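Before any comments, here is the structure.
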Amino acid sequence: MANNVSKLKIYSYPDADRKTADDNMEVLVNPESYSQKISVKFSEKQAPGTTAKMPKFSKMEPQKLDFELLFDSTGVVNGVRDEANGVEADLSRFKKLVLEYKGDQHRPRFLSIYWGTLKFDCCLESLDITYKLFRPDGLPLRALAKAGFIGSMDDTKRVSKENASSPDLTHIRTVMEGDSLPLMSFRIYGDPKYYIEVAKANGLNGFRDLKTGSRIVFPPIRK
23 MANNVSKLKI
33 YSYPDADRKT
43 ADDNMEVLVN
53 PESYSQKISV
63 KFSEKQAPGT
73 TAKMPKFSKM
83 EPQKLDFELL
93 FDSTGVVNGV
103 RDEANGVEAD
113 LSRFKKLVLE
123 YKGDQHRPRF
133 LSIYWGTLKF
143 DCCLESLDIT
153 YKLFRPDGLP
163 LRALAKAGFI
173 GSMDDTKRVS
183 KENASSPDLT
193 HIRTVMEGDS
203 LPLMSFRIYG
213 DPKYYIEVAK
223 ANGLNGFRDL
233 KTGSRIVFPP
243 IRK
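Listed below in structure tokens is the structure:
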């Protein structure tokens with residue numbers, strides 16, 4: 023069964039389009055866990071003397087991914103013992119994979135991380151290495167690398183993704199249980215006030231005239 027365990031893999035690319043990987047690495051041991059951070063920024067501008075108002079969407083920050091990787095040369099983990107060289111060779115290969123500059127790209131590498139259902143296009147943002155076990159002469163035999171990655175997408179993919187939810191395009195959505203026209207308008211336009219225009223475009227008598235399973239057209243609008 024152990025041979026069927028899916029290992030986390032990191033692919034390294036010279037370009038942001040990530041068409042052809044020129045290096046990759048499979049981890050020794052899968053992380054015990056990983057954390058994802060998603061940040062949404064809202065505008066905090068508000069007229070003096072006014073009370074709280076609906077926050078206005080500003081932007082989505084790049085997602086972040088953090089996990090720890092174990093490097094070990096004692097043979098305890100995978101039965102392969104290499105105390106003569108320690109973990110320095112494996113750590114050097116890892117750092118080369120995620121950091122090395124190549125050609126005229128004066129920046130760290132473009133990466134893709136795969137593990138199970140996880141697929142994350144990113145770049146390395148931080149790397150903290152803690153050495154845990156040593157030979158008598160000080161050569162490190164075990165290390166724990168805490169790696170932080172920040173989402174990275176080439177411009178073509180980014181524009182395509184943004185246009186998929188752009189308020190300047192026509193959208194069609196299926197009404198789900200619990201949906202309301204103001205709520206659906208907020209999802210598309212970032213503001214619920216456009217529900218009246220949506221109701222008119224769909225021939226609805228009112229914003230409550232919704233049926234679960236029906237399809238609603240959201241036309242382009244001018245803000």
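Note that the working numbering has the sequence shown beginning at 23, numbered continuously upward. Where is the CB? At the ideal position from N, CA and C, for every residue including glycine. Please read all numbers here as calculations on a predicted model, not as lab measurements.
In the displayed model, R115 falls within a helix according to three-state DSSP. When rounded, the separation of the alpha-carbon atoms in Y56 and L161 is 29 Å. In the three-state DSSP reduction, M82 falls in the strand class (E or B).
Contact check for R40 against F132 passes: the beta carbons are separated by less than 8 Å.
Remark: C-beta atoms of N46 and S34 approach each other more closely than 8 Å. Taking L205 as reference, the option from D104, F240 and Q58 with the minimal CA-CA separation is F240. Contact annotation: the region 106 to 117 does not touch the region 80 to 89, with fewer than three C-beta pairs closer than 8 Å.
Here V120 is near I32, since their CB atoms are less than 8 Å apart. Judged by DSSP in its simplified three-state form, M47 adopts strand. Where I218 is concerned, the enclosing alpha helix (DSSP H) starts and stops at Y217 to A223. If you draw a 10 Å sphere on the C-beta of F156, you find fewer than 16 other C-beta atoms in it, and that means exposed. The closest CA to that of R195, considering only V98, R209, R237 and K215, is found on R237. Selection T96, I243 and E48 evaluated against S134 yields E48 as nearest (Cα-Cα).
Here the alpha carbons of L91 and H193 stand approximately 43 Å from one another. DSSP links D143 through a beta bridge to S134.
Per DSSP, L161 is not a residue of any beta strand (DSSP E), being assigned neither H nor E.
L155 is bridged by DSSP to R164. With respect to the 8 Å criterion, R164 and T234 are not classified as neighbours on the basis of their beta carbons. DSSP, reduced to helix, strand and coil, places R129 outside both helices and strands of the structure shown, so it counts as coil.
In its chain, beyond the 5 residues on either side, F132 have a beta carbon closer than 7 Å to the beta carbon of D37.
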